[in-house]
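Reading through the structure tokens given below for one structure.
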Amino acid sequence: MENVKLIIVEDEPAILRGIELLIGQIDLPIEIVGTYLKGQDALDEFEKVSPDIVLTDVQMPVITGLELIQEMKTRGYSAEYLILSSYAEFQYVQQAIKLDVRNYLLKPPMISELRDSLEAACTRICQKRYTEFEKILKNIIFQEYRIEEAIANPRNKKYKVYLYLLGPYLEWGTEGMVFYPSKWTCESVLELISEKTTKDCSRIWVLNGRYPNLKIIISQEDSSYGNEIYQALKQQAEEIGFSATVIVGHNCKELHCLREEVIKCQKCLKRNVQFGTSQKYLMAEDEKALESANISREDRELIYQALSLNRKEQVIHLYQILSDKWKRENYSQAIYVENTRYIFSMIANKILDMQKADIEEDALKQISIISAVSKNAEDFTEQVSNLIEEIYDGMKKQDGDNQIEKVVELLWDHIHQHFMEEIDVNEFAKKYGYHPVYMITQFSKLKGISPTKLIIQKKMTLARQLLNDTDMTLKNIASAIGYNDVSYFSRTFKEHEGVSPSAYRKKINY
């Protein structure tokens, strides 16, 4: 915790010195940056010393302590105000309450009473600093305003970027196909790091990444705690049934470098995520391009022969052999997907002869979805094998499957009735004997919207209503519509509505 700056305003020199000595005996990170016998002097020097806490007497000549606080607030000076007075009259206490003074102590104060008041003030100040700096980090990383407008790096601190991915890497357009525990929030990740590591978590910030299974962790530090943090995150991920990939970035000496470092870490993440494997990856000095592992000419010829003979079982068998090879050689998820798409392009080229011109686009989309929902390499291989079989058997039961329409209607009704709760579409599909990918695809085709987009649409409609018709806080609105993380709610609302919840409320109340 960085020092909290305090000034004392007291017109009696002996009492002023006594208060100064008393505070010196209290074990808190407080620095006395000014002592004043006159309220006007404290007012004149406020901007120069920038105190976090103003400790003042009430009855003083020229300007009283209450008048001093009132004038400081009028000028927009932000501080915690504490009163130390010989007067217990109700009128003084009442005025102090109106000025939002948190503590009104009587002279002579007990050291325990003074300590409790100062400690509470220090806690509020540090929380405010933490929240304000979190906003600065978001602005820099997500470019909510221009980089050059960001504040200078305070006291030349170093910052380290960590990316924490829960499960597989999500490609563009697959965010809504995966359902993660609602309790996996920035707050829960920060709490975990606090419990499992020796790191001072007042110097760690956790932000939501561009995908629902990605967290960006910014650590203000002079040395690396990468392994401690990785072990804590790995344990959390595996306890809820996912792998954890943690990218440890370089030290950044300047705040404006953080966005570039996050982008580099994201590229590194895409190159190195492996299905079902938890791993920590340290950023190399020389960034390599996304590696490619092409299918050998011999394997391509075997697949082509099987396709020419229209042998479904042989095609599936060959794909499974190749997938086992990729696993043994520790291929990344990206290479799995790249090679699988190549094989499906080969399949599509043969299917085209059977008047199936739409098969390739649909199948390649399915591969992205399968990649997003697969928890390990075996799961990915099994689902791709099922997709190959579905193509040969009539493109995912499209012919003769009348039951799917009824199940889609059940899911539609379930979402409308329970969208404020946690809905797991994957489990819903399995309950009725369907593969989640097939369920989501058929729902989207029949209803013109994916299940996740429908859930978000319903949540945002209710959020707009609550912003319009109530004075509920954003945190309470987020909780009411099923979001545990208010910052994630705010980002989702802005993506959906084009403005933040706060800006939306101001606009309708203007």
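Going by this note's numbering, the letters in the sequence shown line up with residues 3 to 512, in that order.
Glycine included, every Cβ here is placed at the ideal spot set by N, Cα and C.
Check: Name the DSSP bridge partner or partners of alanine 431?
Finding: Your numbering for residue 431 matches position 429 in the sequence shown. The partner list for alanine 431 (beta bridge, DSSP) is empty, contrary to what the question assumes.
Check: So the alpha helix (DSSP H) threonine 125 belongs to, where does it begin and stop?
Finding: What you label residue 125 is simply residue 123 of the sequence shown in a count that begins at 1. It spans 113 to 144 - the alpha helix (DSSP H) in which threonine 125 sits, taken as one unbroken run.
Check: Pick from Lys455, Phe244 and Ile17: whose alpha carbon is nearest that of histidine 418?
Finding: Mapped onto the sequence shown, residue 418 falls at position 416. Ranking Lys455, Phe244 and Ile17 by Cα distance to histidine 418 puts Lys455 first.
Margin query: In whole angstroms, give me the CA-to-CA distance for valine 250 and glutamine 222.
Written below: Locating residue 250 in the sequence shown gives position 248, counting from the first residue. Locating residue 222 in the sequence shown gives position 220, counting from the first residue. Cα to Cα, the separation comes out at about 13 Å.
Notebook entry, point to check: With distances taken from CA atoms, which of Asn378, Leu389, Ile372 and Lys449 is nearest valine 409?
Noted result: By 1-based counting over the sequence shown, the position of residue 409 is 407. The shortest Cα separation from valine 409 among Asn378, Leu389, Ile372 and Lys449 belongs to Lys449.
Checklist line | Beta-bridge partners of threonine 58, as assigned by DSSP | finding: For the purposes of this step, residue 58 is taken as the residue at position 56 of the sequence shown. According to DSSP, threonine 58 bridges with Val11 and Ile85.
Notebook entry, point to check: Roughly how many angstroms lie between the CA atoms of leucine 476 and proline 503, to the nearest whole one?
Noted result: Your numbering for residue 476 matches position 474 in the sequence shown. Your numbering for residue 503 matches position 501 in the sequence shown. Spanning the alpha carbons of leucine 476 and proline 503 requires a straight line of approximately 7 Å.
Checklist line | Residue(s) in a DSSP beta bridge with valine 208 | finding: Position 206 of the sequence shown, counting from 1, holds the residue named residue 208. DSSP output for valine 208 lists Ile219 as bridge partner(s).
Next item on the list: Compare the beta carbon distance of leucine 45 and methionine 74 with 8 Å and say whether it is the shorter of the two.
Entry: As a first step, residue 45 must be located in the sequence shown, where it is residue number 43. As a first step, residue 74 must be located in the sequence shown, where it is residue number 72. Yes. Within cutoff.
Notebook entry, point to check: Which of the three DSSP states, helix, strand or coil, is assigned to threonine 472?
Noted result: As a first step, residue 472 is located in the sequence shown; it is residue number 470 there, counting from the start. Note: threonine 472 maps to coil in three-state DSSP.
Note to self: My output table needs one value for lysine 100: the three-state DSSP class, helix, strand or coil.
What the structure shows: Translated into the one-based positions of the sequence shown, residue 100 becomes position 98. Correct three-state label for lysine 100: helix.
Notebook entry, point to check: What whole-angstrom Cβ distance do aspartate 54 and alanine 81 have, given they're in contact under 8 Å?
Noted result: As a first step, residue 54 must be located in the sequence shown, where it is residue number 52. As a first step, residue 81 must be located in the sequence shown, where it is residue number 79. Sure, about 6 Å apart at Cβ, within 8 Å.
Note to self: Which same chain residues end up closer than 6 Å to isoleucine 21 when comparing Cβ atoms and leaving out the 5 residues on each side of it in sequence?
What the structure shows: Residue numbering aside, residue 21 sits at position 19 when the sequence shown is read from its first letter. Counting only Cβ-Cβ distances below 6 Å, and skipping sequence neighbours, we find Ile10.
Next item on the list: For my contact list, glutamate 391 and lysine 314 are in at a C-beta cut-off of 8 Å; report their separation, rounded to the angstrom.
Entry: Here residue 391 refers to the residue found at position 389 of the sequence shown. Here residue 314 refers to the residue found at position 312 of the sequence shown. At roughly 6 Å, the Cβ-Cβ gap stays under 8 Å, so glutamate 391 and lysine 314 are in contact.
Notebook entry, point to check: How about the region 195 to 211 and the region 276 to 287: do they share at least three Cβ pairs that are nearer than 8 Å?
Noted result: no
Item checked: For glutamine 281, the residue or residues it bridges with in DSSP -> Within the sequence shown, the letter at position 279 stands for residue 281. Looking at the DSSP assignment, glutamine 281 forms a beta bridge with Thr247.
Notebook entry, point to check: For valine 275, which three-state DSSP category applies?
Noted result: For the purposes of this step, residue 275 is identified with residue 273 of the sequence shown, where counting begins at 1. Valine 275 falls in the coil class under three-state DSSP.
Margin query: Taking its Cβ as the centre, do 16 or more other Cβ atoms sit within 10 Å of leucine 311, making it buried, or is it exposed?
Written below: In the sequence shown, counting from the first residue as 1, residue 311 sits at position 309. That one is exposed.
Note to self: Could you tell me the alpha carbon to alpha carbon distance between serine 334 and arginine 273, rounded to whole angstroms?
What the structure shows: For the purposes of this step, residue 334 is taken as the residue at position 332 of the sequence shown. For the purposes of this step, residue 273 is taken as the residue at position 271 of the sequence shown. Rounded to the nearest angstrom, the two C-alpha atoms are 7 Å apart.
Next item on the list: Could you tell me the distance, in whole angstroms, from the CA atom of histidine 498 to the CA atom of tyrosine 440?
Entry: Numbered from its first residue, the sequence shown carries residue 498 at position 496. Numbered from its first residue, the sequence shown carries residue 440 at position 438. Spanning the two alpha carbons is a distance of roughly 26 Å.
Margin query: Applying the 10 Å Cβ sphere with the 16-neighbour rule, what's the burial state of serine 325?
Written below: Here residue 325 refers to the residue found at position 323 when the sequence shown is read from its first residue. Buried.
Check: When we look at the beta-carbon of serine 373 and count the other beta-carbons within 10 Å, is it buried (16 or more) or exposed?
Finding: As a working note, residue 373 is residue 371 in the sequence shown. Buried: at least 16 other Cβ atoms inside 10 Å.
Notebook entry, point to check: Rounded C-beta distance between tyrosine 213 and phenylalanine 277? I'm assuming under 8 Å.
Noted result: As a position in the sequence shown, residue 213 is number 211, starting the count at 1. As a position in the sequence shown, residue 277 is number 275, starting the count at 1. No, tyrosine 213 and phenylalanine 277 are not in contact; Cβ-Cβ is about 16 Å, not under 8 Å.
Margin query: Buried or exposed, going by whether 16 or more other CB atoms sit within 10 Å of the CB of methionine 112?
Written below: Taking the first residue of the sequence shown as 1, we reach residue 112 at position 110. So methionine 112 counts as exposed.
Next item on the list: Go ahead and label leucine 23 buried or exposed: buried means 16 or more other beta carbons lie within 10 angstroms of its beta carbon, across all protein chains shown.
Entry: Against the sequence shown, residue 23 aligns to sequence position 21. So leucine 23 counts as exposed.
Next item on the list: Following the continuous alpha helix (DSSP H) through leucine 309, name the residue where it begins and the one where it ends.
Entry: In the sequence shown, counting from the first residue as 1, residue 309 sits at position 307. Counting along the chain, the alpha helix (DSSP H) containing leucine 309 begins and ends at 299 to 310.
Check: Is it true that the region 30 to 43 meets the region 55 to 68, where meeting means three or more beta-carbon pairs spaced less than 8 Å apart?
Finding: yes
Checklist line | Start and end residues, alpha helix (DSSP H) containing lysine 162 | finding: Residue 162 sits at position 160 when you count from the first residue of the sequence shown. Segment 161 to 168 is the beta strand (DSSP E) holding lysine 162; no alpha helix (DSSP H) there.
Check: Between leucine 468 and the rest of its own chain, which residues show a CB-CB distance below 8 Å, the 5 nearest in sequence each way excluded?
Finding: Mapped onto the sequence shown, residue 468 falls at position 466. Met474, Ile479, Ala482 and Ile483.
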